[in-house]
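Working notes for the structure below.
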Amino acid sequence: IILYLEGHKPHILQDEGQDLLFIYEYSLSSLSAILSRAIDEAREKVDVRFNFYISPEIGRYLDWISQTKKLPRSVFLRGLVERHMHVDKEYRD
């Protein structure tokens, strides 16, 4: 979370484009409300760690994916779940 005083946006913040970077302008009278909103929005974006056991065969496959496709195992698994979420008609976010 980055806060800057109203009318004094630093030049380095001109190109925002970051999913996990929250930039807010505030005044002394709005600081409390802005900070509260920023914290709420940041909480929604925090990743959740999830561990589970896999068979050696699945482990070897994930290692193979990681080495041949230069893709971290977690990124591969996350992609599988995200694709399934988009086609699952019963799921509602």
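Numbering (our numbering), first residue to last: 59 to 151. Ideal placement from N, C-alpha and C gives every residue a C-beta, glycine not left out.
At the C-beta level, residue 120 and residue 131 come within 8 Å of one another.
Within the same chain, and ignoring the five residues on either side of residue 92 in sequence, the residues whose Cβ sits closer than 6 Å to its Cβ are 82 and 84. Contact annotation: residue 60 and residue 79 have beta-carbon atoms nearer than 8 Å. Judged by DSSP secondary structure, residue 84 falls within the beta strand (DSSP E) whose first and last residues are 81-84. Shortest Cα-Cα distance from residue 135 to any of 151, 150, 65 and 107 involves 107. Listed in chain order, the non-local C-beta contacts of residue 147 below 6 Å within the same chain number zero, local neighbours out to five positions each way being set aside. Taken in chain order, the unbroken stretches of beta strand (DSSP E) that lie wholly in the segment 75-125 and span 3 residues or more are 81-84. Counting along the chain, residue 63 sits inside no alpha helix (DSSP H); it lies in the beta strand (DSSP E) bounded by residues 60-63.
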